[in-house]
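Residue numbers (the working numbering): 2 to 567.
Think of the CB as a built atom: it goes at the ideal place given N, C-alpha and C, for glycine as much as any other residue.
Below is one structure, written out as structure tokens, with a few remarks after it.
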Amino acid sequence: MSAGPDDTHTVELATVNQLPARAAARRAMAAMTPSPSAGASANLSQQFAMATLRDEEARTARAMIRAGRLMGAACLVALPLLGGSTWLRIAMAVAMLPALAAGFWVDRRIRDAERYTEDVMVLLATSVAPVALLAVLYFGIFSAAQLFPALALYFFSRRERFASALAFYLGNLVLQAAFAVAVIGRWVDDPGLVHTDLAARDLIVAHVLIQLGDLGAFLVGLRSHRAAREALERTQHAMLLAAQREALLHEARQDLDRALHVASAGRYTDQTLGAYRLGRVIGRGGMGEVYDAWHVDTGDAAAVKLLVQSEQGNPRSVERFLREVRAVRAVTSRHVVRVLAASDESDPIPYLVMERLTGHDLAHHLRAGRLPPAGLDELLAQVGEALEEAWSLGIVHRDLKPQNLYLADDAPRPIWKVLDFGVAALGDHDGTLTQGHVVGTPAYMAPEQARGERVDARADVYALTAVAYRWLTGRPAIAGRDLHTSLYQAVHVMPIRPSALAELDADVDAALAIGLAKDPAQRWAHPHELAAALRAAHAGTLDDATRDRATAVLAAHPWGAVRVLS
Numbered sequence: 002m003s004a005g006p007d008d009t010h011t012v013e014l015a016t017v018n019q020l021p022a023r024a025a026a027r028r029a030m031a032a033m034t035p036s037p038s039a040g041a042s043a044n045l046s047q048q049f050a051m052a053t054l055r056d057e058e059a060r061t062a063r064a065m066i067r068a069g070r071l072m073g074a075a076c077l078v079a080l081p082l083l084g085g086s087t088w089l090r091i092a093m094a095v096a097m098l099p100a101l102a103a104g105f106w107v108d109r110r111i112r113d114a115e116r117y118t119e120d121v122m123v124l125l126a127t128s129v130a131p132v133a134l135l136a137v138l139y140f141g142i143f144s145a146a147q148l149f150p151a152l153a154l155y156f157f158s159r160r161e162r163f164a165s166a167l168a169f170y171l172g173n174l175v176l177q178a179a180f181a182v183a184v185i186g187r188w189v190d191d192p193g194l195v196h197t198d199l200a201a202r203d204l205i206v207a208h209v210l211i212q213l214g215d216l217g218a219f220l221v222g223l224r225s226h227r228a229a230r231e232a233l234e235r236t237q238h239a240m241l242l243a244a245q246r247e248a249l250l251h252e253a254r255q256d257l258d259r260a261l262h263v264a265s266a267g268r269y270t271d272q273t274l275g276a277y278r279l280g281r282v283i284g285r286g287g288m289g290e291v292y293d294a295w296h297v298d299t300g301d302a303a304a305v306k307l308l309v310q311s312e313q314g315n316p317r318s319v320e321r322f323l324r325e326v327r328a329v330r331a332v333t334s335r336h337v338v339r340v341l342a343a344s345d346e347s348d349p350i351p352y353l354v355m356e357r358l359t360g361h362d363l364a365h366h367l368r369a370g371r372l373p374p375a376g377l378d379e380l381l382a383q384v385g386e387a388l389e390e391a392w393s394l395g396i397v398h399r400d401l402k403p404q405n406l407y408l409a410d411d412a413p414r415p416i417w418k419v420l421d422f423g424v425a426a427l428g429d430h431d432g433t434l435t436q437g438h439v440v441g442t443p444a445y446m447a448p449e450q451a452r453g454e455r456v457d458a459r460a461d462v463y464a465l466t467a468v469a470y471r472w473l474t475g476r477p478a479i480a481g482r483d484l485h486t487s488l489y490q491a492v493h494v495m496p497i498r499p500s501a502l503a504e505l506d507a508d509v510d511a512a513l514a515i516g517l518a519k520d521p522a523q524r525w526a527h528p529h530e531l532a533a534a535l536r537a538a539h540a541g542t543l544d545d546a547t548r549d550r551a552t553a554v555l556a557a558h559p560w561g562a563v564r565v566l567s
């Protein structure tokens, strides 16, 4: 029998709700540094990968602008000393002035990488293009000046917006081809400083090679951007996996800490509460202890849960405990631990006597290895039955997690039972008990619960889906080790796509996406809906309506993405 693990937290709501989104994001980003408490950062996501890529592009752009400024200044100084077409020299000098001015303005603007935008780079490309074209005409369309457009194509092709890069390439291709055709066809004289009197066939070959070089520069630029993005995504994925492994290790350490404090004598060992004599401590959490016990007359085994001494003078803790007593006694499902007795208001120590279970909680089974999907279907059915009855009585559990789902093996057939209603919300409760606080376990907490809002049954559905995610992938949906990061993730970060962590069909992703939706209105309303969707997903028979529903959820909040909700 479990007392409920000590990772159930009561935290000030201000830690999530009253921080500006940018400040919260920066604090979460700080968690990415490799420190003992780093855990998994809340914003290991596609958006931050792209932000890193933009920062690298802004730095590259500034370096290119400065190199171009130096080349432009040298060209302006050299133009009066060169021969060739006078009108082209004048046109080049005139075109260089706005290009240099635009480069200077863009250089200053993108010192802040957040001001590096596609529109700014299109403006720079528009100002540079005339200079590159005039330089090619002046020095010769078959001269080494063709390197300038190739470099520009490479640089401007490393953009996020493919359309602008393609437009720049096609514009260069058409204009360069038009001049080449005119010169090769002898329709106009070559105005270039460097020109040749080769045969038309040789000039065509030379021009084709130049066009191939420009195409190569364009494609390499595109591929360079994609390769950088893919590398960042791979790094991000590796960091997520590392963060989730660390979260698993942290979870195992918590279980080990609890194990080290159980099976030992407690403060109330050998004392009698009601008709039960207490033995050793068999479970211990942050606020409660569970003792092995037996009935003083019949000798029947039992488990007695009571508040730790340090919380007995805390009215909020006492109310939470009494709320659990009321909740558990109200639910009669065989999938909720059976209540044998409970304290009354005259007893100095609040206690709850429950059936003594043998077996292990889900956390134990998960640590032993990934479990088969068929077993998950059975868990969802049995736990769902208990939850449906609790909800019908106006009770929301609010703390579903592997440690609170117990596989009892003392019956003819193992049966799942729901434990620890200590933070359950009762329908007739006025909400003042947790006013300004978040109560629950962040790793399995619904976003609305992490924000400190009133919750309904859909919060339990979210938690149960997070349990299913953990079952199917072997990883927790929330990988934050520290409390603040976990709460931030619960509110703002969609977990990594399940099929990226395990060999799962995309339809399994769809079923879990609906259950983990940040908006409660988009979630499954009942556990049996989640179970049915997962069964269909594994069988390859998921209906299109469910797929479309998942697509809508992920359009609002993609896997692995940070989305600051209004």
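C-beta contact flag for residue i and residue j at 8 Å
i, j, result
"L363", "P415", "no"
"E290", "L307", "yes"
"P528", "L381", "yes"
"V309", "R278", "no"
"H539", "P374", "yes"
"G475", "L408", "no"
"W417", "V456", "no"
"L502", "G516", "no"
"R524", "Y463", "yes"
"W295", "A303", "yes"
"A467", "V419", "no"
"S128", "A164", "no"
"L401", "Y352", "no"
"L394", "V332", "yes"
"R281", "Y269", "no"
"L535", "V509", "yes"
"R63", "D120", "no"
"A343", "R335", "no"
"L124", "M97", "no"
Straight-line Cα distance separating residue j from residue i
i, j, result
"A130", "G561", "39 Å"
"A551", "A166", "33 Å"
"H493", "K519", "8 Å"
"A328", "D301", "24 Å"
"G275", "W472", "40 Å"
"H398", "P349", "26 Å"
"G84", "A114", "42 Å"
"V95", "L80", "12 Å"
"A43", "Y489", "Note that A43 scores 37 on pLDDT, short of 50, meaning its location in the model is unreliable; the coordinates nonetheless yield the value given after this. Using only the alpha carbons, I get a separation of about 6 Å."
"G141", "A181", "10 Å"
"A553", "R498", "15 Å"
"L323", "D271", "24 Å"
"E390", "T273", "33 Å"
"L434", "S318", "Note on L434: pLDDT 38, under 50, position unreliable in the model; no value is reported."
"N405", "R452", "22 Å"
"V326", "P316", "15 Å"
"I111", "F157", "15 Å"
"P448", "P521", "9 Å"
"A533", "R548", "13 Å"
"S347", "L367", "42 Å"
"A604", "F169", "For residue 604 there is no data in the structure shown, the boundaries of the chain being 2 and 567."
"P150", "L176", "12 Å"
"D421", "R285", "12 Å"
"R187", "A556", "57 Å"
"P413", "R357", "15 Å"
"A178", "I185", "10 Å"
"E379", "T61", "55 Å"
"M288", "A59", "52 Å"
"V189", "T87", "17 Å"
"D132", "M93", "Reading the sequence as shown, one finds Val at residue 132 and not Asp. Taking the straight line from one Cα to the other gives about 6 Å."
Contact belief for residue i with residue j at Cβ below 8 Å, rounded distance in angstroms
i, j, result
"M355", "L341", "6 Å"
"L134", "L89", "The Cβ separation is near 11 Å, so there is no contact."
"A511", "L543", "7 Å"
"P443", "A478", "The pair is not a contact, with the Cβ atoms about 11 Å apart (cut-off 8 Å)."
"A458", "W392", "5 Å"
Heavy atom of the ligand ATP within 7 Å of residue i beta-carbon
i, result
"A181", "In terms of ligand content, the structure shown is empty, and the ligand ATP therefore cannot be addressed."
Are the segment 102-121 and the segment 67-74 in contact at 8 Å, needing three or more beta carbon pairs? yes
Length-filtered (4 minimum) alpha helix (DSSP H) runs lying within the segment 495-531: Within the segment 495-531, the alpha helix (DSSP H) runs of at least 4 residues that lie entirely inside it are, in chain order, 507-516.
At 4 residues or longer, and completely inside the segment 93-130: list those alpha helix (DSSP H) runs for me, N to C. none
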